[in-house]
Amino acid sequence: MARYAMVMDTRRCIGCQSCTVACKINNELPLDIIYNPVFTDGPKGSFPHVQRTDIPMMCMHCEDPPCVHACPTGASIQREDGIVWVDDSKCVGCKACVMACPYGARHPNEVTGTVMKCDFCKDRVAEGERPWCVKTCHQGARIFGDLDDVNSEVFKLVNGERTVRLLDELGTGPCVYYIMD
Amino acid sequence: MKHKEVEWGWMLAVDFFFAGMGGGMLFVAGLLYLINGADSISTLGTFVGIVFIGVGSAFLSLELGRPFQAWRVFMNPKALLTWGAWNMVFVMGAAFIYVALDFTGIAMPGLQTACAVVMLICGLFVATYPGVLLGLHAARPFWTGPGIVVIFLTSSLLTGLAAHDMANYLQLENSNLKNTILGLIFFQLLVWALYLYVKISGNTSRESEAAKALLTGPLSGKFVLAFLVLGNIVPIGLYMMTAASVVTASIAALCILAGSYSMRFVVVKMGEKRTLIIGEKDFMARLPKGDELFLDVLK
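Line order of the protein sequences matches chains A and Z. Taking my numbering, the leading residue of the first sequence gets 27, the next gets one more, and so forth. Taking my numbering, the leading residue of the second sequence gets -5, the next gets one more, and so forth.
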């Protein structure tokens, strides 16, 4: 069984928000919902030593997802391959998962009354495609793959580069890894 | 359209207030029945406890994005909210039978004792679980940790007792709960002092900032005036008046209830401040708020 993960190479990300737009358009998200924003740290320092880091965000598809544990209806589901998604038909919009998520990755849809989130484009992944944000990233800053496959680029980067996980101290085991400068 | 931190609304604070108070009332009723036997506490108070939990549940349902699907919250036995929902059902059911036996005068002591046991266990769970629910939020620095559980349990028991006190007076019965209520008020003040001290001086800088924000931020007025003064200091003064009457005791109980709701409102609001990722605050500040002119073309 695969264990899907993503690596964000912040050395390559230029903060163009292409991934944000591709996700919004292809997943037909409402205007006020963004699954994968790009945060910016900086610019810091003074010329010529100026530094700026762009941090692409998304659902971390945690190994131990607090959102799934918080859901009283069973609408929040973690698949065996690690993908965390929401079954719309079961969601009552209690926002327990929204409050439980440390990353702000869940979004109430005020029209449907349910909660929406990134699902790693699971339908595309099932067809062997990459998520839209990964396919769109012209800098190759988003790398998607199977963490259990020793030949995958994700496996090599996670085990070969110095990566960090956001808010790792909370113990949720995020499966999105960041290569920082 | 709005881009801001997602929050639980005021209705959740109302749910926590009514459900916690109702749970506390039914816990107290069950406990006193088991210790002192029948007639140790007013039946009206027990009945009102059922109503309060019902009111709390109604507000919780209205807070949902899909209120008519509320029954689904009973479906995931691994979730604390589901346990809370089932416990509300059990405690209300047991208390209803208990009250019905009392009102009708049917003597079934075995059944009434069983109901009292369910009221004791499930009432305690209902009174406690909102605190557990909030304490589990690791990324909400004001809530996280076991301290909030003690705060909610204490407040639920205190409001439960205060409501019973009022019910006793309404039934023109003498109430002997004054000293217990006074003790719980002092304990509540101590718990809050320790909670804020530990948050400010220990743990993480995020928790420290969150606790300081309670004392200096926009909600500090509500916390100090509505909770500390109105909900604690005023009732202490009223209960300790030498010539305390039914009227002053009732006003004291009302002040406790008002302070307790204010406390829950403040706590729920304070917890909405999540630990932010680097750059997240700036990103949120740049997002449209919905009143931008260029958005008119989309309408």
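Ideal placement from N, C-alpha and C gives every residue a C-beta, glycine not left out.
7 Å Cβ cutoff, Z/Val67 in contact with chain A: Output row for Z/Val67: interface = yes.
Z/Trp80: first and last residue of the uninterrupted beta strand (DSSP E) it sits in: Following the DSSP letters along the chain, one finds Z/Trp80 in no beta strand (DSSP E) but inside the alpha helix (DSSP H) bounded by residues 74 to 98.
Run of the beta strand (DSSP E) containing Z/Trp186, from where it starts to where it stops: Element bounds for Z/Trp186: not the beta strand (DSSP E) but the alpha helix (DSSP H), 172 to 195.
Segments of 4+ residues assigned as alpha helix (DSSP H) that fall wholly inside the segment 117 to 165 of chain Z: Counting only unbroken stretches of 4 or more residues, the alpha helix (DSSP H) elements lying wholly within the segment 117 to 165 of chain Z are 141 to 164, in sequence order.
Cβ-based burial, A/His75 [other Cβ within 10 Å; buried from 16]: Exposure of A/His75 is indicated by the presence of fewer than 16 other C-beta atoms within 10 angstroms of its C-beta.
Heavy atom of the ligand COA within 6 Å of A/Arg191 beta-carbon: What this structure holds is no ligand at all, so the ligand COA is not there to describe.
Cα-Cα separation between A/Pro91 and Z/Trp137, rounded to whole angstroms: Taking the Cα positions, A/Pro91 is about 18 Å away from Z/Trp137.
Opposing strand residues paired with A/Gln43 [DSSP bridges]: DSSP links A/Gln43 through a beta bridge to no other residue.
A/Tyr30 - containing beta strand (DSSP E), residue span: Here the beta strand (DSSP E) through A/Tyr30 covers 30 to 35.
Any chain Z beta carbon closer than 7 Å to A/Gly119: Yes, A/Gly119 lies at the interface with chain Z (some Cβ there is under 7 Å from its Cβ).
Short-range partners of chain A found in the segment 47 to 65 of chain Z, where Cβ spacing is below 7 Å: Within the segment 47 to 65 of chain Z, the residues whose Cβ lies closer than 7 Å to any Cβ of chain A are, in chain order, Leu58, Gly59, Arg60, Gln63, Ala64.
For A/Gly171: DSSP bridge partner residues: The partner list for A/Gly171 (beta bridge, DSSP) reads A/Ala31.
Cα-Cα separation, A/Cys93 to A/Cys127: The C-alpha of A/Cys93 lies about 6 Å from the C-alpha of A/Cys127.
Beta-carbon neighbours of A/Asp67, restricted to chain Z and to distances below 7 Å: What A/Asp67 touches in chain Z: Ile272, Gly273.
Selection from Z/Leu248, Z/Thr153, Z/Val144, Z/Phe53 that minimises the alpha carbon distance to Z/Ala79: Residue Z/Phe53 is the option with its Cα nearest to Z/Ala79.
For A/Thr162, the first and last residue of its enclosing alpha helix (DSSP H): DSSP places A/Thr162 inside the alpha helix (DSSP H), whose first and last residues are 158 to 162.
Per-residue contacts from A/Ile205 into chain Z (C-beta, under 9 Å): Neighbours of A/Ile205 on chain Z: none; closest Cβ ~15 Å, over 9 Å.
7 Å Cβ cutoff, A/Pro82 in contact with chain Z: Answer no: the Cβ-Cβ gap between A/Pro82 and chain Z never drops below 7 Å.
Between the CA atoms of A/Gly199 and Z/Glu286 - distance to the nearest angstrom: Answer to the nearest angstrom: the Cα atoms are 39 Å apart.
C-beta neighbour in chain A for Z/Phe146, strict 7 Å: With respect to chain A, the C-beta atom of Z/Phe146 has no partner C-beta closer than 7 Å.
Residue environment, Z/Gly99, which counts as buried when at least 16 other CB atoms sit within 10 Å: That one is exposed.
DSSP bridge partner residues for A/Met142 (one or two, in chain order): A/Met142 pairs with A/His133.
Neighbour-count burial assignment, Z/Glu201, 16 or more Cβ in a 10 Å radius: With 16 or more other Cβ atoms within 10 Å, it is buried.
Any C-beta of chain Z under 7 Å from that of A/Ser99: The sequence given here has Thr at residue 99 of chain A, not Ser. Closer than 7 Å to some Cβ of chain Z, the Cβ of A/Thr99 qualifies, so yes.
Residue range of the unbroken beta strand (DSSP E) whose run includes A/Phe65: Here the beta strand (DSSP E) through A/Phe65 covers 64 to 70.
CB contact below 7 Å: Z/Gly76 versus chain A: First, the residue type needs correcting, since residue 76 of chain Z is Thr and not Gly in the sequence shown. Z/Thr76 counts as touching chain A.
Alpha-carbon to alpha-carbon, Z/Trp2 and A/Pro134: Computed Cα separation, rounded: 11 Å.
Those residues which DSSP pairs with A/Thr189 across a bridge: In the DSSP output, where bridge partners are listed per residue, A/Thr189 has A/Ile205.
Option in A/Val47, A/Arg29, A/Asp67, A/Arg37 with minimal Cα separation from Z/Glu274: Of the listed residues, the one whose Cα sits closest to Z/Glu274 is A/Asp67.
Residue-chain proximity (A/Pro128, chain Z), Cβ-Cβ < 7 Å: Flagged as an interface residue toward chain Z: A/Pro128, by a C-beta distance shorter than 7 Å.
Exposed unless 16 or more other CB atoms sit within 10 angstroms - verdict on Z/Trp65: Exposed: under 16 other Cβ atoms inside 10 Å.
Straight-line gap, A/Arg38 to A/Leu183 (C-alpha atoms, nearest Å): Roughly 14 Å between the two C-alpha positions.
Reduced DSSP category for A/Val112 - H, G, I as helix; E, B as strand; rest coil: Three-state result, A/Val112: strand.
Within chain A, the residues that Z/Asp276 reaches when beta carbons sit closer than 8 Å: Simply Phe65, Thr66.
Extent of the continuous beta strand (DSSP E) run through A/Ile81: In the DSSP assignment, A/Ile81 falls within the unbroken beta strand (DSSP E) covering 77 to 82.
For A/Gln104, the residue or residues it bridges with in DSSP: Within the DSSP secondary-structure output, A/Gln104 pairs in a beta bridge with A/Val110.
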